[in-house]
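See structure below.
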Amino acid sequence: MGMTIAEKILASHTVDGKKEIEPGEFLELKVDRVMVHDFTGPAAIGVAEKLLREAEKRGKKCSISPELPVLISDHYVITQDGISLANHDTLGDFARKHGLQYAYLAAKDFGGDPAKVGPSYRGVCHAMTAEEGLWLPGELFVGADSHTDTAGAFGAYGLGVGSTDAGVAMVTGRVVEVVAPASVKIAFKGKRPPYVMAKDMVLYYIRDVTVSGGNDCVAEFDGGAVQSLSPEEKMTLCNMATEAAFVTGIIQPNSRILKFCSEKGKRPFRPVFSDPDAKYLRVYEHDASQLEPAVAKPHSPGNFALARDMDAAIDRAYIGSCTGGKKEDLLAAAKMLYGRNVSVETFIVPATMAVYDAMKTLAYRGKTLEEIFRESGALDGTSGELAFPGCQACLGGPVDTLGRVNHPMTVMSTTNRNFRGRMGSPEARIYLGSPLTVAASAIAGRITDPRAYTR
Amino acid sequence: MLASGKILRGKAFVVGDDVNTDDVIEAQYGKLDFTKPDQYTELGRHAMERYAGAGGARLVEPGQDTSQYRFVIAGRNFGIGSSREQAPAALGAAGVKVVVAGSFAPIYFKNSAKGGFLKSRRCKVYLPSEMQTGDELELDMGASVLITKRTGKTYPLEKPPKELELLEEMGLVEYALRNWM
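Going down the list, the sequences are from chains A and B. So that you can map any letter, position 291 of the first sequence is 291 in my numbering, and since no number is skipped, the others follow by simple counting. In my numbering, each residue carries its 1-based index in the second sequence increased by 1000.
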C-alpha cells in the first residue's frame, strides 16, 4: 500500500523497525535532532538531568550524544528580567557540561546587552536552524516549540513537543508519539499572483481546516504554487500548520530544496517522497491564481478576512518573527516601503543575525534594505535603529521587550499568532498578514490590500 | 497522580472552545521552570490568570496558590497554540486533576500525560452547555463516566489508549528509564 512522506519518515524512525504506519497506533521513535530554546529548554534540561541521575542510581550508564541536542537563545534575550537572563546560562552550562556541538547561545553573563551577546548567538530558532543546515530531508527533528513544523519545508518531519519530551529525547534519542497521525493533503494549484505571499496561503488553509480541524493529522502541502515557493516561503507555509491543530506540516523536497540541503547540510541525508497511491484522510484544493491578500482578525489565526474588505485603523505595524522576519520577508516589505513613508510606528525586527547583516548589503533599486527602512521611518519604531534579531514582541515577553504591546492598541503584524494578549496587553487587537500587507498598512495607517500601492 | 479506578469528586470550572496555552499560562511566565519546586508553585498561582469563567469566576483566586476547582470542563480544541509544558504544569500545580474537553490540541494533550501533571479526557457531548462553573462533579476513572450532581446526568468519556494511561501513571521519565535505558 502507498505511503505518504510523513508515514515513511515515521516508519523509518520506529524503534521496532515498522514497515508501515497505521494511523492511531502508538509509536516509539528514534529522533535525529532535539531542539530547545531559552523558553522551553531550562525545564527540558531539568528533566534530562533528572533522568541521568535516576539512571545512574539504578546502575544504568548513559550520556548525551553531543550531536543530538540543538540549544538556542532567541525568546527572551534583550531584557533585564533576571530569570529570563539566567535561563541562557542554564542552557550554556548544560552545553559545556555535556560537550554539546550545537549551541547557539547568548554569551555567559551578557546581561541582556546586545553588544555583549557574543558570536554564538544567531536568533530565532526556526530561521537559524535552516540557515545552519540542521533540517534535512527524511529526518525526524524534534523541537520544544510548536512551530518546529517549519522543518517540513525541507522534507523533514518537524515534531513540536513539550519540555519533558525534549529532555527525555536529548538523553535517550527517543520520543513517544501516542497517536500516529493520518495525512491530509492541502494543494495550491496554478500560478500565485505576485501580491500573494505564503502567509496569505496559510490564512486560507487555516480558514478551510479551522483552528481545530487538523487534530491527529499531518498537513502535506502540494501543488505547483507550493513547489514554486522559495525555501523561506515554504518555511512560512509549514510554520503555521500547528495553528490548525496539525501535528506538523510537510512538503516533498524538490530539486531546489535538495540542492540547498546538500550545500548547507551538516551530514548526508536520504530524502523520501509520497507514493502516488498514498492515502489521505482529506484533500483541500485551491486555485492559487484566485487567492487575494488576506488577514486574520483578532483574536485567532482562523478569523479570516480579505485585506480589501478591511478598513480598520492601526496604531502600530510589526514586521518580524519566523514568519515575517526572514530575508525575503524584509525584501518584500522594503519593496513596498521604497520611496514611501510609514504613518504609524513600525518595527522591523530581523529574525536572525544573518538577516540583520543582510539588511546592510541586500539592495533594491540601489538602496540597502536598512536605508529603505530608515528613509521610510520604519526600523524599530522609536529609536530609528536596526532592531536586534530574535523573537522579541511576537510572543509578548518580559515587559521591557522591544515592540511589546504594553497598552491597548491595534497592531498589524507579520507574526503567527494573534491570541488575546499574545503580544502583551490583553486589550490589544492584533491582526495578522503578509509582510507586503503589513508594509502597505503601515503606509496607509489602516489595514490595506497591498494592491493599493502598485508600481 | 490519580490512580485508575478511583472516584474523583470536585467542582467544575467551565470554559469554552479553543482555549489556547496563552490563556492557560501567559507567555511571560514561560520563563518559569516547572522542574524547580518553587517555580512550579509559582506557575500554579498564574494558571488561567486572565481567563474569566462564567460570572467572572477565576480558576485561582488572587493571592491563592491553588484552585478550588479540580475539574476544567472545556469545548473543542483545548490547549491550542504554544508547546509550552508550563500550561499543563500550571493547571496541575493549581490542583486541577482532570480537563474534560471535546478535543485537545495535539501537543498539549501529550504534554499533560507525559509530564504527569494531570489527565485529559475527551467527551463527545458538548459539556460547556451542560454544566456550570461550581457544579459538583464525580468522575469514575475506571468506568470513564462523569456525573453532575446538580442534574444527576451522566456522561461517558472516551477511554484513552492503554499506552497513554500508562504514561499518565508513570510519566515519560519513568517510562524511559524502564524501557529505553
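Just so you know, even glycine gets a beta-carbon here, dropped at the ideal spot from N, CA and C.
Residues that DSSP places opposite residue i in a beta bridge
| i | result |
| --- | --- |
| Tyr-157/A | Leu-140/A |
| Tyr-248/A | The residue you asked about is not Tyr; residue 248/A is Thr in the sequence shown. Val-218/A, per the DSSP bridge assignment. |
| Phe-1104/B | Phe-1078/B |
| Leu-134/A | None; Leu-134/A has no bridge partner. |
| Ile-319/A | Ile-348/A |
| Met-412/A | Ala-317/A and Tyr-431/A |
| Gly-339/A | The partner list for Gly-339/A (beta bridge, DSSP) is empty, contrary to what the question assumes. |
| Arg-462/A | This structure does not reach residue 462/A, given that chain A is present from 1 up to 455, and the question cannot be answered. |
| His-37/A | Ile-72/A |
| Thr-368/A | Ala-363/A |
| Phe-304/A | Ala-296/A |
| Arg-1050/B | None, per the DSSP bridge assignment. |
| Val-202/A | Partner(s): none; Val-202/A has no beta bridge. |
| Asp-1140/B | Ile-1007/B and Val-1145/B |
Secondary structure of residue i, DSSP reduced to three states
| i | result |
| --- | --- |
| Lys-189/A | strand |
| Met-1181/B | coil |
| Leu-29/A | strand |
| Thr-1148/B | strand |
| Arg-1070/B | strand |
| Arg-174/A | strand |
| Phe-103/A | Strictly speaking, residue 103/A in this sequence is Ala, with Phe absent from that position. Three-state DSSP puts Ala-103/A in a strand. |
| Leu-291/A | coil |
| Arg-267/A | coil |
| Glu-232/A | helix |
| Ser-469/A | Outside the shown range of chain A, which is 1 to 455, sits residue 469/A, and nothing can be said about it. |
| Gly-1095/B | coil |
| Arg-53/A | helix |
| Val-1024/B | helix |
| Pro-1156/B | strand |
| Glu-1061/B | coil |
| Arg-1122/B | strand |
| Val-184/A | strand |
| Glu-22/A | coil |
| Glu-375/A | helix |
| Gly-424/A | strand |
Chain-order list of residues whose beta-carbon lies under 7 Å from that of residue i (same chain, five-residue window excluded)
| i | result |
| --- | --- |
| Gly-265/A | Gly-133 and Leu-136 |
| Asn-239/A | His-126, His-147, Asp-149, Thr-150, Cys-322, Thr-323 and Asn-416 |
| Gly-158/A | Phe-141, Gly-143, Thr-148, Asp-149, Thr-150, Ala-151, Gly-152 and Thr-248 |
| Phe-188/A | Met-201, Gly-223, Ala-225, Val-226, His-286 and Ala-288 |
| Glu-370/A | Met-359, Lys-360 and Leu-386 |
| Met-1131/B | Ala-1012, Val-1014, Ile-1073 and Thr-1148 |
Selection from the options that minimises the alpha carbon distance to residue i
| i | options | result |
| --- | --- | --- |
| Phe-94/A | Pro-114/A, Ile-430/A and Val-47/A | Val-47/A |
| Lys-8/A | Leu-140/A, Phe-110/A and Leu-281/A | Leu-140/A |
| Leu-237/A | Arg-33/A, Phe-26/A, Leu-29/A and Ser-434/A | Ser-434/A |
| Leu-91/A | Met-35/A, Lys-116/A, Val-142/A and Gly-138/A | Met-35/A |
| Ala-288/A | Val-226/A, Gly-421/A and Val-175/A | Val-226/A |
| Arg-455/A | Val-342/A, Met-409/A and Leu-337/A | Leu-337/A |
| Gly-24/A | Ala-296/A, His-13/A and Ser-183/A | Ser-183/A |
| Thr-1041/B | Val-1060/B, Gly-1055/B, Asp-1023/B and Tyr-1051/B | Val-1060/B |
| Pro-1106/B | Thr-242/A, Cys-394/A, Glu-56/A and Ala-55/A | Thr-242/A |
| Phe-304/A | Tyr-204/A, Glu-22/A, Thr-401/A and Ile-250/A | Tyr-204/A |
| Met-476/A | Lys-234/A, Asp-277/A, Glu-131/A and Pro-298/A | Because residue 476/A is not part of the residues shown, which for chain A are 1 to 455, the question remains open. |
| Pro-1161/B | Arg-1150/B, Thr-1151/B and Lys-1119/B | Lys-1119/B |
| Thr-346/A | Gly-445/A, Gly-339/A and Asn-254/A | Gly-445/A |
Contacting residues, own chain, Cβ-Cβ under 6 Å from residue i (five flanking each side not counted)
| i | result |
| --- | --- |
| Asp-1018/B | Asn-1077 and Ile-1080 |
| Phe-388/A | Ile-78 and Pro-114 |
| Gly-424/A | Gly-396, Arg-404, Val-405 and Asn-406 |
| Gly-1095/B | Thr-1066 and Ser-1067 |
| Ala-1101/B | Ala-1074 and Phe-1078 |
| Asp-329/A | Pro-435 |
| Val-283/A | Lys-185 |
| Ala-1113/B | Leu-1164, Leu-1167 and Glu-1168 |
| Ala-44/A | Val-36, Ala-144, Ser-163, Ala-166 and Gly-167 |
Cβ neighbours of residue i in the same chain (closer than 8 Å, five flanking residues each side left out)
| i | result |
| --- | --- |
| Glu-20/A | Met-1, Met-3, Glu-7 and Ala-11 |
| His-1046/B | Ile-1025, Glu-1026, Tyr-1029, Val-1060 and Ala-1090 |
| Ala-124/A | Per the sequence shown, residue 124/A should be read as Val rather than Ala. For Val-124/A, where only same-chain residues beyond five positions count, the Cβ hits under 8 Å are Asp-74, Ser-321, Cys-322, Gly-325, Ala-351, Thr-352, Pro-389, Gly-390 and Cys-391. |
If the cut-off is 7 Å on Cβ atoms, which residues from the segment 1073-1086 of chain B count as contacting chain A, listed in chain order? Arg-1076, Asn-1077, Ile-1080, Gly-1081, Ser-1082, Ser-1083, Arg-1084 and Glu-1085
With 7 Å as the limit, tell me which residues of the segment 30-53 of chain A have their beta carbon closer than that to any beta carbon of chain B; keep them in chain order. Phe-39, Thr-40, Pro-42, Ala-43, Gly-46, Val-47, Lys-50 and Leu-51
Please list the residues of the segment 1014-1033 of chain B that have a C-beta atom closer than 8 Å to any C-beta atom in chain A, keeping them in chain order. Asp-1017, Asp-1018, Asn-1020, Asp-1022, Asp-1023, Glu-1026, Ala-1027, Gln-1028, Gly-1030, Lys-1031, Leu-1032 and Asp-1033
Using Cβ-Cβ distances below 8 Å, what residues of the segment 1130-1164 of chain B are close to chain A? Pro-1161, Glu-1163 and Leu-1164
Looking at chain B, which residues of the segment 210-223 of chain A have a Cβ within less than 8 Å of any of its Cβ atoms? Val-211, Ser-212, Asn-215 and Asp-216
Give me the subset of the segment 422-434 of chain A whose CB atoms are less than 8 Å from a CB atom of chain B, sorted by chain position. Arg-422 and Pro-426
Contact set between the segment 140-161 of chain A and chain B, restricted to residues whose Cβ is under 7 Å from the partner: Ala-144, Asp-145, Ser-146, Gly-160 and Val-161
Any residues in the segment 115-143 of chain A with a beta carbon nearer than 9 Å to a beta carbon of chain B? Which ones, in chain order? Gly-143
Using a Cβ cut-off of 9 Å, which residues of the segment 1165-1176 of chain B contact any Cβ in chain A, in chain order? Leu-1167, Gly-1171, Leu-1172, Val-1173, Glu-1174, Tyr-1175 and Ala-1176
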